[in-house]
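Novice:
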Amino acid sequence: MSSAQPARRTWTYGDLAALPDDALRHELIDGEHFVSPSPAIPHQVILWNLTQLLGPYLRANLIGTALAGPVDVKLSMFTVLVPDLVYFTAERFARVVNEKHATAAPDLVVEILSPGTRRRDKGRKRAVYDREGVGEYWIVDPEARSVTALRRPRAGAGLTDVATLTFEAGGVLESPLFPGLRIPLRDVFRGR
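Take a look at the structure:
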């Protein structure tokens, strides 16, 4: 008796684009297809809060553009991710974002963990973001009410945990991408 496994299908961006619109999130990681349901309400509340916290700052400081998901980040024909929120500096946005998707890694990626994506967001997607040159990655954990910020300490270095901030400890999120902006976690998790 053979124990051979059937060959796994390698998906491409063309396969993804040919799928009918089903309101699900479809992602590719190195040719492997992942499907996630629409995010739950607490997830959406946190995303809304982050958008509202970044919006006024970016309107007052014309340094870049933030986009709330779903937005496709097409890193190759075999890797297309749909982060919860992305940010591009103005110069990079002009170069790598078109009407359909981003064609290169964002300067900042934010993923809000959910039960179905927690392992992938902290594992495989983190590795892809690191490999593809994302400058900063925020992992928002609604259960722990925490944000882990990772960034590259210098050019050529990998993403490194800079801080894990918690709501309970009164954490305040800051980033060199947004000089002078302080984001209290009480505002990130408000209404959650």
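For my numbering, add 4 to where a residue sits in the sequence shown, where the first one is 1.
Virtual Cβ for every residue (Gly too), placed ideally from N, Cα, C.
1) Here's the rule I'm using: 16 or more other beta-carbon atoms within 10 Å means buried, otherwise exposed. How should residue 103 be labelled?
2) Does DSSP put residue 105 in a helix, in a strand, or in coil?
3) Which runs of the alpha helix (DSSP H) fall wholly inside the segment 106-180 and span at least 4 residues, in chain order?
4) Can you list, in chain order, the residues of its chain whose CB lies under 8 Å from that of residue 130, leaving out five sequence neighbours each side?
5) To which residues does DSSP link residue 14 through a beta bridge?
6) Under the DSSP definition of a beta bridge, which residues are partnered with residue 29?
7) Just to confirm my understanding: we take residue 38, look at its own chain, exclude 5 residues before and 5 after, and list those with CB closer than 6 Å. What are they?
8) Which residue wins for smallest C-alpha separation from residue 85, given the options 68, 76 and 50?
9) Does DSSP put residue 73 in a helix, in a strand, or in coil?
10) Name the one or two DSSP bridge partners that residue 68 has.
11) Can you give the Cα-Cα distance for residue 135 and residue 108, rounded to whole angstroms?
12) Would you list the one or two residues that DSSP bridges to residue 85?
13) From this set, 81, 157 and 94, which residue's C-alpha is nearest residue 70's C-alpha?
14) The alpha helix (DSSP H) that contains residue 196, what's its start and end?
15) Keeping to the same chain, check which residues put their C-beta closer than 6 Å to that of residue 128; ignore five residues upstream and five downstream.
Specialist: Reading it off the structure:
1) Locating residue 103 in the sequence shown gives position 99, counting from the first residue. With fewer than 16 other Cβ atoms within 10 Å, it is exposed.
2) Sequence index remark: in the sequence shown, residue 105 carries index 101 (1-based). Three-state result, residue 105: coil.
3) 122-126 and 128-136
4) On the sequence shown, position 126 is the one that residue 130 refers to. Around residue 130: 141, 143, 154 and 163.
5) If you number the sequence shown from 1, residue 14 lands on position 10. Per DSSP, none; premise fails for residue 14.
6) Residue mapping note: residue 29 aligns to position 25 of the sequence shown, counting from 1. DSSP lists 40 as partners of residue 29.
7) Here residue 38 refers to the residue found at position 34 when the sequence shown is read from its first residue. Excluding sequence neighbours, residue 38 sits near 31.
8) Locating residue 85 in the sequence shown gives position 81, counting from the first residue. Nearest option by C-alpha distance: 76.
9) As a working note, residue 73 is residue 69 in the sequence shown. Reduced to three states, the DSSP call for residue 73 is coil.
10) Locating residue 68 in the sequence shown gives position 64, where the first residue counts as 1. DSSP output for residue 68 lists 93 as bridge partner(s).
11) Within the sequence shown, residue 135 is the residue found at index 131, counting from 1. Within the sequence shown, residue 108 is the residue found at index 104, counting from 1. Roughly 12 Å between the two C-alpha positions.
12) Here residue 85 refers to the residue found at position 81 when the sequence shown is read from its first residue. Bridge partners of residue 85: 77.
13) In the sequence shown, counting from the first residue as 1, residue 70 sits at position 66. Distances from the alpha-carbon of residue 70 to those of 81, 157 and 94 put 94 closest.
14) Residue mapping note: residue 196 aligns to position 192 of the sequence shown, counting from 1. Residue 196 -> no alpha helix (DSSP H), and no H or E assigned at all.
15) Indexing the sequence shown from 1 puts residue 128 at position 124. If we look at residue 128 and ignore the five residues flanking it on each side, its Cβ neighbours are 33.
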